[in-house]
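Have a look at the structure below, then the notes.
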């Protein structure tokens, strides 16, 4: 009886340490073989599937294992090809970290991409 209690306690602890999250990924073959797809571009679809299959063989990937680095050359930095408009809080006059509410009110959005190495890159203002 004591061993059963220990086993239950250990299994509960392990489950708490390593949670099992739902797998939200869809098998690409499900989409490719779907009857709802049009056959107007079969060569393009075949080329995309071929390219994706090749890229899949190059994995596994991780945050630290990448061939293209962010402008900072730090492998831990995130590189996004999209022009995101991050808040520019340089003129907010703060001396400590701002709360999210203060950021929304006091910081301009869309003026600069502050997480880029070059602050001269301007993006359209969202305000």
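Residue numbers (mature numbering (1 follows the signal peptide of the UniProt record, and there is no 0)): -16 to -1, 1 to 111.
From the three backbone atoms N, C-alpha and C, an ideal C-beta is built for every residue, glycine too.
This one's a predicted model, so the numbers in the text were calculated from it and none came from an experiment.
Expressed to the nearest angstrom, what Euclidean distance is found between the alpha-carbon atoms of residue i and residue j?
i, j, result
"residue 81", "residue 62", "21 Å"
"residue 43", "residue 20", "30 Å"
"residue 60", "residue 86", "28 Å"
"residue 32", "residue 12", "11 Å"
"residue 26", "residue 45", "29 Å"
"residue 34", "residue 40", "10 Å"
"residue 38", "residue 30", "12 Å"
"residue 91", "residue 78", "10 Å"
With 16 other CB atoms within 10 Å as the buried threshold, where does residue i fall?
i, result
"residue 111", "Bear in mind that the predicted position of residue 111 carries a pLDDT of just 42, short of 50, making it unreliable; the figure below should be weighed with that in mind. Classification of residue 111: exposed, given that the 10 Å Cβ count is below 16."
Looking at the ligand FMN, does it come within less than 7 Å of residue i, judged from the CB to the closest heavy atom?
i, result
"residue 45", "This structure simply doesn't include the ligand FMN, nor any ligand for that matter."
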